[in-house]
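Below: the structure, in structure tokens.
In our numbering, the protein residues as written are 48 to 574.
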């Protein structure tokens with residue numbers, strides 16, 4: 048029994064570490080949709096079948112050439128973003144050290160390749176297929192985004208251990224972040240040397256993994272789709288989608304002598320040049336999870352409405368319409384998803400299964416649009432491309448079927464299991480989405496009053512260890528979970544709360560970023 052407890056504690060510690068890492072991943076990931084949308088817009092402006100004006104096309108070219116280097120240097124972006132996200136103190140200094148460490152690695156690795164006479168010779172003027180690439184002017188082993196992830200984690204670890212260390216006497220000028228950089232110097236050099244020998248083997252392993260995923264067919268797509276959705280409440284879903292959408296695990300193409308890895312950069316490459324192939328690259332099989340935001344969840348919402356008691360249907364409709372509109376237009380699903388997650392975990396499992404099955408159907412029918420988060424992104428990404436390339440009309444047809452499947456299955460389960468979904472709760476129970484009026488009232492509250500109320504609901508400043516946020520949730524580590532008062536938090540516009548260990552995830556929606564900043568300012572932790 049004691050051994051089981053030890054194993055349980057170790058497992059919990061590992062899960063917490065993964066969740067912390069996943070939250071830090073959000074620092075760079077939050078910018079990717081914006082970058083992608085701008086690149087998609089630039090591709091529209093340079094598409095001769097849509098725009099014939101040369102001046103407009105030149106503007107589109109300029110915008111695209113401005114933003115494409117961001118996707119070409121995701122490693123650097125993730126190194127800085129992860130170090131910032133994982134740092135417990137002096138985050139800006141951690142980001143600066145990460146930037147310098149990344150450049151130091153490039154210099155060290157490039158130099159060592161020269162010393163051991165392992166600099167690859169270009170093949171027909173290109174380094175494609177050599178396992179090396181030119182990054183910021185240095186020819187190094189081609190690690191892509193993995194270099195940024197590894198360096199970001201490494202920098203954050205050393206930073207958290209030594210950034211508060213102050214040296215004495217004449218050495219005091221070398222304390223703090225400068226000491227962190229000094230300690231990292233030999234580590235980075237050794238890491239650069241090791242990567243020169245080890246990374247080619249890792250790259251072969253990644254290539255084998257890509258082959259396994261390709262040969263796994265529909266089964267692999269189902270597993271991917273299921274866990275990408277199922278793990279959302281834990282925050283670990285980022286470990287599922289990001290390797291396939293941002294790295295060579297998802298797939299690779301060569302365009303104009305440049306290696307492009309991951310389904311999202313590959314799709315954007317097709318937007319710049321739709322003639323790469325007749326059918327969109329197979330890596331897009333990992334990017335169809337957005338269908339549920341436009342079709343599936345509205346079907347679930349209709350099931351909620353139809354199964355609500357007649358006396359409460361008008362209230363339920365007022366609650367569901369804003370949530371579903373947000374889901375359809377911009378792909379923010381948590382207000383509706385967490386409604387049935389709170390009330391019935393079974394519905395969440397069914398939701399994950401249905402999401403995965405829709406991706407399997409797309410895979411089997413070679414349907415490969417960018418399954419964007421919401422209708423706005425879907426239109427911007429897919430409509431400018433030839434329908435024969437992505438087969439997006441068939442995607443819409445599958446989505447319509449998904450709508451009805453969600454509606455009938457959710458309606459059946461709600462009635463069969465007598466689930467307390469919105470409009471079916473007992474009179475004495477307060478199980479519901481909060482109304483638009485309550486939300487507006489919370490938004491009109493003075494900033495300090497709202498922040499004070501949130502802090503009070505979290506058990507007070509003394510109970511708060513750290514505060515972060517993702518797209519829609521305030522993620523708070525607390526000392527004592529029992530001190531959290533959900534009734535108080537509901538008065539601030541909260542749409543629900545998830546408790547996991549000593550972390551509370553409070554759902555606020557798209558305004559969570561500004562809420563987090565106001566709380567930081569209120570409690571004196573703004574950076």
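Even glycine gets a Cβ: it sits at the ideal position worked out from N, Cα and C.
Fair warning: this is a prediction, and the values are worked out from it, not measured in the lab.
Distances from the alpha-carbon of residue 528 to those of 511, 540 and 537 put 511 closest.
The C-alpha of residue 443 lies about 19 Å from the C-alpha of residue 328. Taking a C-beta distance under 7 Å as the contact criterion, residue 318 and residue 90 qualify as a contact pair. As the crow flies, the alpha-carbon of residue 223 is around 6 Å from that of residue 211.
In the structure shown, the three-state DSSP call for residue 551 is strand.
Secondary structure note for residue 521: its beta strand (DSSP E) is the uninterrupted segment 520–525. Residue 187 has its alpha-carbon roughly 6 Å from the corresponding atom of residue 181.
By alpha-carbon distance to residue 118, the top candidate from 557, 507, 305 and 470 is 305.
Cα atoms of residue 386 and residue 507: separation of roughly 27 Å, rounded to the nearest angstrom. Within 10 angstroms of the beta-carbon of residue 438 lie 16 or more other beta-carbons, which makes it buried. Note that the C-beta distance between residue 381 and residue 523 is not below 7 Å. Of the candidates 235, 419 and 521, the residue whose Cα lies closest to the Cα of residue 557 is 521. Secondary structure within the region 371–452: the alpha helix (DSSP H) runs of 4 or more consecutive residues, fully enclosed, are 381–390, 392–411, 422–429 and 434–437 (chain order). Under the 8 Å Cβ criterion, the region 453–465 counts as touching the region 330–350, having at least three qualifying pairs.
Going by C-alpha positions, residue 285 is about 12 Å away from residue 271.
Nearest Cα to residue 160 within the set 122, 241, 258 and 353: 241.
A contact between stretches requires three or more CB pairs, one per stretch, nearer than 8 Å, and the region 427–435 fails this requirement with the region 364–384. Between residue 407 and residue 265 a beta carbon distance of about 5 Å is seen, short of the 8 Å cut, so the two are scored as contacting. Boundaries of the beta strand (DSSP E) around residue 188: 185–188. Restricted to the region 255–320, the beta strand (DSSP E) segments that are unbroken, complete and at least 3 residues in length are 299–302 and 305–308, listed in chain order. Separation of the CB atoms of residue 134 and residue 203 is rounded to 5 Å, and the pair is thereby assigned contact status at 8 Å. Linking residue 340 to residue 176 through their CA atoms gives a straight-line distance of about 39 Å.
Around the CB of residue 496, fewer than 16 other CB atoms lie within 10 Å, so the residue is classed as exposed.
With the rule of 3 Cβ pairs closer than 8 Å, the region 408–421 does not count as touching the region 354–364. Here residue 280 has 388 and 545 as same chain residues with Cβ atoms under 7 Å from its own Cβ, once five neighbours each way along the sequence are excluded. Nearest C-alpha to residue 214 among 226, 146 and 367: 226. With distances taken between CA atoms, residue 230 lies nearest to 209 out of 316, 410 and 209. Under a 10 Å Cβ-count criterion, residue 396 is classified as exposed, with fewer than 16 other Cβ atoms of the shown protein chains found around its own Cβ.
CA-CA distance, residue 151 to residue 116, rounds to 20 Å.
Counting along the chain, the unbroken beta strand (DSSP E) around residue 179 starts and ends at 179–182. Proximity to residue 331 across 410, 401 and 195 peaks at 410, based on C-alpha coordinates.
With a cutoff of 7 Å on beta-carbon distance, residue 142 and residue 131 are scored as near each other. Distance from the CA of residue 201 to the CA of residue 147, rounded to the nearest whole angstrom, comes to 13 Å. Its chain contains 122 as the residues whose beta carbon lies nearer than 6 Å to that of residue 194, once the 5 sequence neighbours on both sides are disregarded; these appear in chain order. Under DSSP, residue 229 forms no beta bridge with any residue. In this structure, the straight-line span from the alpha carbon of residue 467 to that of residue 78 is close to 37 Å.
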